[in-house]
Amino acid sequence: MPDQKKTIIPKHVGISAFSSKPVIRDLHRLLSFIPLRPYLNIGLFPIAKSNDLATALGKALWEGHLSIIVTTKKDLTNYQETIDTARLSNVSITQNPKAGPKNHIGSLDGFIIDVDTTKKFPSRLEFQSFMSDLGAKGWLTIIISDPNPQERNGNKDRDSLLSSLSKTAEAVGFNLKQKRDLESSFAILTFDIPSTHA
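Residue numbers are given in the numbering used here: position 148 of the sequence shown equals residue 293, and the series is strictly consecutive.
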């Protein structure tokens with residue numbers, strides 16, 4: 146009888162209800178499209194399950210700080226366990242039921258939204274909140290990680306989703322600097338803010 150290999154799935158890996166394969170992101174590739182520097186003060190708003198990204202960002206910002214903003218006590222506990230396990234002292238987690246960093250953290254160099262297409266997207270007011278907490282040369286990155294087209298939000302294809310998110314961000318004053326749709330891996334949008342913002 147041939148040997149049967151067992152696949153061990155880490156706790157932070159999400160498993161889709163539509164597929165038997167775990168969703169594993171290429172974090173090295175993903176981070177290469179984000180304007181990170183090790184000394185930056187970055188915010189993360191995880192709409193998707195982003196434990197893997199939170200850990201990777203915490204390690205990348207070894208001279209900086211990562212502020213994770215969650216909306217539920219369950220998420221607060223979940224991310225705290227992840228950060229404690231990784232022994233990252235440069236990461237803080239804040240629960241803000243209304244979402245967004247306002248009144249919880251100071252000026253940020255950048256902000257990352259990790260989108261789950263099955264959940265509600267950030268509203269225009271939330272984008273305004275993100276902008277208000279960015280410094281003069283701040284940036285906003287939106288990550289959309291979906292392994293299969295069948296798992297996307299209703300009948301929306303990724304182009305229309307990216308267009309909708311771009312329009313909402315631009316409506317409050319963000320300028321689109323980068324748009325990458327890497328098919329099955331992920332899509333990423335990066336914006337900066339106008340020079341008049343401060």
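Each residue gets a CB set at the ideal place from its N, CA and C atoms; glycine is no exception. Given the structure is predicted, the values throughout are model-derived calculations rather than measurements.
Where DSSP assigns a beta bridge to residue i, which residues make up the other side?
| i | result |
| --- | --- |
| residue 191 | 259 |
| residue 213 | 189, 238 |
| residue 223 | DSSP, once it has assigned bridges, lists no residue as partnering residue 223. |
| residue 323 | 335 |
| residue 172 | Answer is none; residue 172 lacks a bridge partner. |
| residue 287 | 258, 334 |
| residue 279 | 253 |
Tell me the rounded alpha-carbon separation between residue i and residue j.
| i | j | result |
| --- | --- | --- |
| residue 199 | residue 228 | 8 Å |
| residue 305 | residue 317 | 19 Å |
| residue 174 | residue 270 | 31 Å |
| residue 230 | residue 313 | 36 Å |
| residue 213 | residue 239 | 6 Å |
| residue 319 | residue 178 | 18 Å |
| residue 321 | residue 285 | 9 Å |
| residue 235 | residue 210 | 5 Å |
| residue 221 | residue 283 | 26 Å |
| residue 226 | residue 201 | 15 Å |
| residue 323 | residue 339 | 15 Å |
| residue 281 | residue 254 | 8 Å |
| residue 176 | residue 186 | 15 Å |
Please classify residue i: is it buried, with 16 or more other beta-carbons within 10 angstroms of its beta-carbon, or exposed?
| i | result |
| --- | --- |
| residue 207 | exposed |
| residue 263 | exposed |
| residue 181 | buried |
| residue 310 | buried |
| residue 335 | buried |
| residue 267 | buried |
| residue 184 | exposed |
| residue 327 | exposed |
Give every residue of the same chain whose Cβ lies closer than 7 Å to the Cβ of residue i, excluding the five residues on either side of it in the sequence, and list them in chain order.
| i | result |
| --- | --- |
| residue 273 | 317 |
| residue 308 | none |
| residue 218 | 240 |
Only counting the same chain, and skipping five residues up and downstream in sequence, which positions put a Cβ closer than 6 Å to that of residue i?
| i | result |
| --- | --- |
| residue 261 | 192, 193 |
| residue 115 | Nothing about residue 115 can be reported from this structure: the residues present for the chain run from 146 to 343 only. |
Spatial neighbours of residue i within its chain, please: CB distance less than 8 Å, with the 5 preceding and 5 following residues excluded, ordered by chain position.
| i | result |
| --- | --- |
| residue 170 | 197, 198, 290, 330, 331 |
| residue 232 | none |
| residue 123 | Because residue 123 is not part of the residues shown, which for the chain are 146 to 343, the question remains open. |
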